[in-house]
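Chemist:
The following block contains the structure:
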């Protein structure tokens, strides 16, 4: 039982590291995209305000929430395999 708990903690730590890296990367890519959009148009607001407003809209969208699948899919597969090992 202790082995299972240790493995789950290690897997969760690895998934958390992957989530953090992908989240930061996605945020930086969105920031870069917003900066290039700012330079393409004649905006009346400052670049910093434009980027901050765009990042707030991005954080409320579905795209950053889809990154949580990094936790759900591997854990669902793990649970399915454990179930098959027990009852299959």
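In the numbering used here, the protein residues as written are 104 to 191. By construction, the Cβ of each residue, glycine as well, lies at the ideal position given by its N, Cα and C atoms. Please read these numbers as outputs of a predicted model, since none were measured by experiment.
#1: What's the gap between the Cα of residue 159 and the Cα of residue 177?
#2: Would you mind sorting residue 154 into buried or exposed? The rule is 16 or more other CB atoms within 10 Å of its CB.
#3: Please classify residue 144 as buried or exposed, where buried requires at least 16 other C-beta atoms within 10 Å of its C-beta.
#4: Report the option in 157, 117, 112 whose CA atom is closest to the CA atom of residue 131.
#5: Measure the alpha-carbon distance for residue 186 versus residue 169 and round it to whole angstroms.
#6: Can you tell which of 127, 179, 175 has the C-alpha that lies nearest to the C-alpha of residue 162?
#7: Does the beta-carbon of residue 150 have 16 or more other beta-carbons within 10 angstroms, so that it is buried, or is it exposed?
#8: Work out the CA separation of residue 134 and residue 147 for me, nearest whole Å.
Modeler: Let me lay it out:
#1: C-alpha separation (whole angstroms): 29 Å.
#2: Buried: at least 16 other Cβ atoms inside 10 Å.
#3: exposed
#4: 157
#5: 26 Å
#6: 127
#7: exposed
#8: 18 Å
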